[in-house]
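Number of protein chains: 2
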Amino acid sequence: MDRREGVVSIDYAGFVQEQIAELRRVVGDATAINALSGGVDSSVVTVLGHRALGRRLRTVFVDNGLMREGEPRQVVETFAGLGIPVELIDAREEFLSALRGLTDPEQKRQAITDAFYARVFGRLVRESGAKFLLHGTILTDIEETVAGIKRQHNILAQLGIDPQSAYGYTVLEPLKTLRKDGVRAVAGVLGLPPAVTRRIPFPGPALAARIVGEVTPQRLAVVRAATAIVEEELAGTGAFQYLAVLLGDLATGIRNDRREFGQIVVVRCIESVDARTASATRIPWETLERICSRIVAIPGVNRCLYDLTPKPPATVEYV
Amino acid sequence: MDRREGVVSIDYAGFVQEQIAELRRVVGDATAINALSGGVDSSVVTVLGHRALGRRLRTVFVDNGLMREGEPRQVVETFAGLGIPVELIDAREEFLSALRGLTDPEQKRQAITDAFYARVFGRLVRESGAKFLLHGTILTDIEETVAGIKRQHNILAQLGIDPQSAYGYTVLEPLKTLRKDGVRAVAGVLGLPPAVTRRIPFPGPALAARIVGEVTPQRLAVVRAATAIVEEELAGTGAFQYLAVLLGDLATGIRNDRREFGQIVVVRCIESVDARTASATRIPWETLERICSRIVAIPGVNRCLYDLTPKPPATVEYV
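Protein chains in written order, with my numbering: chain A, 1076 to 1394; chain B, 1076 to 1394.
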């Protein structure tokens, strides 16, 4: 170990070997299951799990209909390239019907959590016969739960499995001693591609966190198209995170000499170290104007706004 | 007259003398009334009318509760400085109750028009005994009515006065041969101060055009405070128009480590020659960031966005 200025340099290659050995020892000849979201935590767990267990680990990617343009296919292909089979579960209708009619941010978030744990993934876990569940919990998740910032997550209870009566179910959390930087270092040791390790942060509720008001297929299509434009135009900026938000309000506009009411898209791009505080990026005006002209070409959209607000008092997402 | 490149240079001092003589000739010993909004058209009509008729013209300023910070008092003081008495009519409660519960943009605009013509100003005209009404119609208003862009305005009908039975009522429109540049030139000849001649465009429905959703006293206070900040910070830019808009949506934020839902203010600043087309001003980032930090200090507001959209497809205002 190399110590400088209080920073402990961890032997991540050794960490990987230890975790693989531990997963093999605990799971033995049994089978395990995990859900891959495409984020770095669940991606690292997936690779560690497959190195340890091979075909005895079943990895699913749940398409909730709230993902970005082409994202489900890209994630499956990325892991196919690493020799890891990922099962794509089409649950779009299940999530969209759970969200129908909801406009309250908390109710929307809860509906997504419930659809995922209690219904789609819960059913997969119970039907799989697996007794081990691999989960990408990191140290920050545990700390924030203890501090009361995150809700207490008893994952078995969320899955509809009673930990008392369901003797034999075990949750394995190989990353629970690491923070985000440690997970990224492990991802590098495992040879995960930049598409995974450098992926900009993306929230659990996915594009639903970026729709103010009701989530409908039409509104998802608008925010998905706007997100693709923003990600393409801002990929080279080196910013911490960039995104598009669809507001619920309509604004007046004029097209072909006729008055119309159109949808409003907000572009957000931030500079941050750890997402706890952030400031709006000073994007070149040429880039902002090009993004605006592309976004107001999306049918139904006639306004494009840039979010100037630091965190605090704003958050990164809108819902 | 001096002609160059097809532009006819008009003798505006002569125009002023002709209009004053014509008003005296037509009104004779009778009395007249007019409503002053603070904009350049009604300001010029007010000065022409008082030069022609003196105390036989009664000028009212209707405070609809939708004006900017300190605006009613400032307009009255400006005209007092020119020796012209302006009667301040407090109609705030009448307009606010007409707007209560309305969220549809067209219904809001109609409610303001009805409250002004059919109720407040109509009542003043009928009670005044005046047979002449001075109105700031300009050539562009007539052209846009003919072209079907503006609704047909029969001002007597709007005032609840039947032109057939009310024989003797006459509407006088001394500026109906001028466009906006001509009105500004006449304002210069009349010695109107820059507060009037250089006033940035301000819409008829006033701050109600800048509130998406219901107009309430609380929401008016927010957009009024934001407008004062934007006007103070952008006065020196030379931009054609700048304004603040309060959206109806709420966004998540974080203050004192607690999650909150806050109001969203949009800053709009445009470059334009004639308001028919416009582009967003490239404001220095330091200025935008200062405006943002002042706006999110308004209680209840936690987002500040900058509108990037040209006209078309956006309009200048939001309602």
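Backbone N, C-alpha and C fix where the C-beta goes; we use that ideal spot for every residue, glycine too.
Item to check | Residue range of the unbroken alpha helix (DSSP H) whose run includes residue 1370(A) | outcome: In the first sequence, the residue the question calls residue 1370(A) occupies position 295. 1360-1370 is the extent of the alpha helix (DSSP H) around residue 1370(A).
Next on the checklist: Just list the residues that DSSP pairs residue 1286(B) with in beta bridges.
Outcome noted: Reading the second sequence from its first residue, position 211 is the one you call residue 1286(B). 1321(B).
Item to check | Chain-ordered chain B contacts of residue 1363(A) [CB-CB under 8 Å] | outcome: Mapped onto the first sequence, residue 1363(A) falls at position 288. By Cβ distance, chain B contributes 1383.
Item to check | Residues in the segment 1366-1377 of chain A having any Cβ partner in chain B nearer than 7 Å | outcome: 1367, 1371 and 1377
Checklist entry - Quick one: which chain B residues come within Cβ less than 8 Å of residue 1311(A)? => result As a working note, residue 1311(A) is residue 236 in the first sequence. By Cβ distance, chain B contributes nothing, its closest Cβ being about 19 Å from residue 1311(A), past 8 Å.
Item to check | Candidates 1204(B), 1390(B), 1289(B) and 1109(B), of which the one nearest residue 1337(A) by Cα | outcome: Counted from its first residue, the first sequence places residue 1337(A) at position 262. Closest by alpha carbon: 1390(B).
Next on the checklist: Strictly under 8 Å for the Cβ-Cβ distance: is residue 1329(B) near chain A by that measure?
Outcome noted: Residue numbering aside, residue 1329(B) sits at position 254 when the second sequence is read from its first letter. Interface residue, yes.
Item to check | Contact with chain B by residue 1393(A), beta-carbon distance below 8 Å | outcome: The residue given as residue 1393(A) occupies position 318 in the first sequence. Yes, its Cβ sits closer than 8 Å to a Cβ of chain B.
Checklist entry - What are the partner residues of residue 1328(B), as DSSP defines its beta bridges? => result Mapped onto the second sequence, residue 1328(B) falls at position 253. In the DSSP output, where bridge partners are listed per residue, residue 1328(B) has 1389(A) and 1335(B).
Checklist entry - If we ignore side chains and look at the alpha-carbon of each, how far apart do residue 1329(B) and residue 1091(A) end up? => result Here residue 1329(B) is taken as the residue at index 254 of the second sequence, counted from 1. Here residue 1091(A) is taken as the residue at index 16 of the first sequence, counted from 1. The alpha-carbon separation between residue 1329(B) and residue 1091(A) amounts to approximately 37 Å.
Checklist entry - chain B beta carbons: is any one of them nearer than 8 Å to that of residue 1379(A)? => result Residue 1379(A) sits at position 304 when you count from the first residue of the first sequence. Against chain B, the CB of residue 1379(A) has a partner CB under 8 Å away; the residue lies at that interface.
Checklist entry - What number of angstroms, rounded off, separates the C-alpha of residue 1355(A) from the C-alpha of residue 1324(B)? => result Reading the first sequence from its first residue, position 280 is the one you call residue 1355(A). Reading the second sequence from its first residue, position 249 is the one you call residue 1324(B). Roughly 20 Å separates the two Cα atoms.
Next on the checklist: Does residue 1280(A) pass the burial test, meaning 16 or more other C-beta atoms within 10 Å, or should it be called exposed?
Outcome noted: One-based indexing of the first sequence puts residue 1280(A) at position 205. Buried, because 16 or more other Cβ atoms sit within 10 Å of the Cβ of residue 1280(A).
Checklist entry - With DSSP run on the structure shown, which of helix, strand or coil describes residue 1172(B)? => result Within the second sequence, residue 1172(B) is the residue found at index 97, counting from 1. Residue 1172(B): helix per DSSP, three-state reduction.
Checklist entry - Under the DSSP definition of a beta bridge, which residues are partnered with residue 1316(B)? => result Here residue 1316(B) corresponds to residue number 241 of the second sequence, with the count starting at 1. Answer by DSSP bridge pairing, in chain order: 1345(B).
Next on the checklist: Going by beta-carbon coordinates alone, are residue 1258(A) and residue 1217(A) separated by less than 8 Å?
Outcome noted: As a first step, residue 1258(A) is located in the first sequence; it is residue number 183 there, counting from the start. As a first step, residue 1217(A) is located in the first sequence; it is residue number 142 there, counting from the start. For residue 1258(A) and residue 1217(A), no; Cβs fall outside 8 Å.
Next on the checklist: For a test of the three-state rule: what should DSSP assign to residue 1403(A), helix, strand or coil?
Outcome noted: In the structure as shown, chain A starts at 1076 and stops at 1394, and residue 1403(A) therefore has no counterpart that could be examined.
Checklist entry - Under three-state DSSP, which class holds residue 1244(A)? => result On the first sequence, residue 1244(A) is found 169 positions in, with the first residue counted as 1. If DSSP states are grouped into helix, strand and coil, residue 1244(A) belongs with coil.
Item to check | Assumed close pair residue 1319(A), residue 1340(A) - CB separation to whole angstroms, cut-off 8 Å | outcome: For this step, residue 1319(A) is matched to residue 244 along the first sequence. For this step, residue 1340(A) is matched to residue 265 along the first sequence. With a Cβ gap of about 6 Å, residue 1319(A) and residue 1340(A) count as contacting.
Next on the checklist: I'd like to know if residue 1403(B) contacts chain A, where contact means its C-beta is closer than 8 Å to some C-beta of that chain.
Outcome noted: Here chain B covers residues 1076 to 1394 and nothing more, so residue 1403(B) does not appear.
Checklist entry - If you measure from the CB of residue 1376(B), is any heavy atom of the ligand ATP nearer than 7 Å? => result The ligand ATP is absent from the structure shown, which contains no ligands of any kind.
Checklist entry - Leaving out five residues before and five after residue 1383(B) in sequence, what residues of the same chain have Cβ atoms less than 6 Å from its Cβ? => result Taking the first residue of the second sequence as position 1, residue 1383(B) is located at position 308. Excluding residues within five positions, the ones whose Cβ falls inside 6 Å are 1355.
Next on the checklist: For residue 1249(A) and residue 1353(B), I'd like the C-alpha separation in whole angstroms.
Outcome noted: Locating residue 1249(A) in the first sequence gives position 174, where the first residue counts as 1. Locating residue 1353(B) in the second sequence gives position 278, where the first residue counts as 1. Whole-angstrom Cα-Cα distance: 57 Å.
Next on the checklist: Is the separation between the beta-carbon of residue 1127(B) and that of residue 1163(B) shorter than 8 Å?
Outcome noted: Stepping through the second sequence from its first residue, residue 1127(B) is reached at position 52. Stepping through the second sequence from its first residue, residue 1163(B) is reached at position 88. No, the Cβ-Cβ distance between residue 1127(B) and residue 1163(B) is not below 8 Å.
Next on the checklist: Looking at the secondary structure, which residues open and close the beta strand (DSSP E) in which residue 1381(B) lies?
Outcome noted: Against the second sequence, residue 1381(B) aligns to sequence position 306. Its beta strand (DSSP E) spans residues 1376-1382.
Checklist entry - So which residues on chain A does residue 1180(B) lean against when the C-beta distance must stay under 8 Å? => result Position 105 of the second sequence, counted from the first residue, corresponds to residue 1180(B). Neighbours of residue 1180(B) on chain A, chain order: 1327 and 1336.
Next on the checklist: Which residue wins for smallest C-alpha separation from residue 1287(A), given the options 1215(A), 1315(A) and 1392(A)?
Outcome noted: Here the question's residue 1287(A) lines up with position 212 in the first sequence. If we check each option's Cα against that of residue 1287(A), 1392(A) comes out closest.
Checklist entry - Taking only runs of the beta strand (DSSP E) that begin and end inside the segment 1091-1138 of chain A, which ones reach a length of at least 3 residues, in chain order? => result Runs found: 1107-1110 and 1132-1138.
Checklist entry - Taking buried to mean at least 16 other C-beta atoms within 10 Å of its own C-beta, is residue 1221(B) buried or exposed? => result Locating residue 1221(B) in the second sequence gives position 146, counting from the first residue. Label assigned to residue 1221(B): exposed.
Item to check | Proximity winner among 1148(B), 1304(B), 1139(B) and 1333(B), relative to residue 1186(B) (alpha-carbon distances) | outcome: Translated into the one-based positions of the second sequence, residue 1186(B) becomes position 111. Comparing Cα positions, the closest option is 1139(B).
Next on the checklist: Give me the chain B residues within the contact set of residue 1390(A), using Cβ-Cβ distance strictly less than 7 Å, ordered along the chain.
Outcome noted: Counting from one through the first sequence, the residue named residue 1390(A) turns up at place 315. Chain B residues near residue 1390(A): 1327, 1328 and 1329.
Checklist entry - Using a Cβ cut-off of 7 Å, which residues of the segment 1312-1323 of chain A contact any Cβ in chain B, in chain order? => result 1322 and 1323
Checklist entry - In chain B, which residues lie with their C-beta within 9 Å of the C-beta of residue 1386(A)? => result Counting from 1 along the first sequence, the entry for residue 1386(A) is found at position 311. Simply 1328 and 1329.
Next on the checklist: So residue 1087(A) and residue 1271(A) are supposed to be a Cβ contact under 8 Å. How far apart are they, rounded?
Outcome noted: Here the question's residue 1087(A) lines up with position 12 in the first sequence. Here the question's residue 1271(A) lines up with position 196 in the first sequence. Contact doesn't hold; Cβ gap of about 16 Å is too wide.
Item to check | Residue(s) in a DSSP beta bridge with residue 1207(A) | outcome: Position 132 of the first sequence, counted from the first residue, corresponds to residue 1207(A). Partner(s): 1107(A) and 1245(A).
Next on the checklist: Can you tell me which residues form a DSSP beta bridge with residue 1340(A)?
Outcome noted: Counted from its first residue, the first sequence places residue 1340(A) at position 265. 1321(A) and 1379(A), per the DSSP bridge assignment.
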